[in-house]
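>
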Amino acid sequence: MGSHDVTSPRLALHWLRERTQHISDQLDAAYAQPGLHWLTGEAEHERALAHLTNGTGYQLTLYDESTRYVLLAYPAGATP
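Position one of the sequence shown corresponds to residue 18 (my numbering), numbered consecutively onward.
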């Protein structure tokens, strides 16, 4: 619930990392694992950066028993 404007794909990736860490820190260990795994996945970071650089969005979804957290980054002017 919120948004953050940045000026480059790399800054968008940085935002995704920060938000993923913040959310993962608040989840129980079992639910935090996908986020923690994503945080160490350099190949997935490169994939996200490629999407953003090519003008398409990137979505990461984390969840626990009752809540779904959808992190979405997309270039200005693109449809989310």
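Ideal Cβ positions, reconstructed from N, Cα and C, are used throughout, including at glycine.
Every value quoted in this text rests on a predicted model; they were computed, and no experiment measured them.
Please report the residue range of the beta strand (DSSP E) in which residue 93 lies.
No beta strand (DSSP E) holds residue 93; DSSP gives it neither H nor E.
> Tell me which residue opens and which closes the alpha helix (DSSP H) that residue 78 is part of.
Not the alpha helix (DSSP H): residue 78 falls in the beta strand (DSSP E), residues 75-80.
> Kindly give me the distance between the Cβ atoms of residue 45 and residue 22, rounded to whole angstroms, as I take these residues to be in contact under 8 angstroms.
Contact doesn't hold; Cβ gap of about 32 angstroms is too wide.
> Run the proximity test for residue 54: is its beta-carbon closer than 7 angstroms to any non-hydrogen atom belonging to the ligand MN?
The model depicted lacks the ligand MN and carries no ligand whatsoever.
> Which same chain residues, not among the five before or five after residue 49, have their C-beta less than 7 angstroms away from its C-beta?
Same-chain partners within the cutoff: 41.
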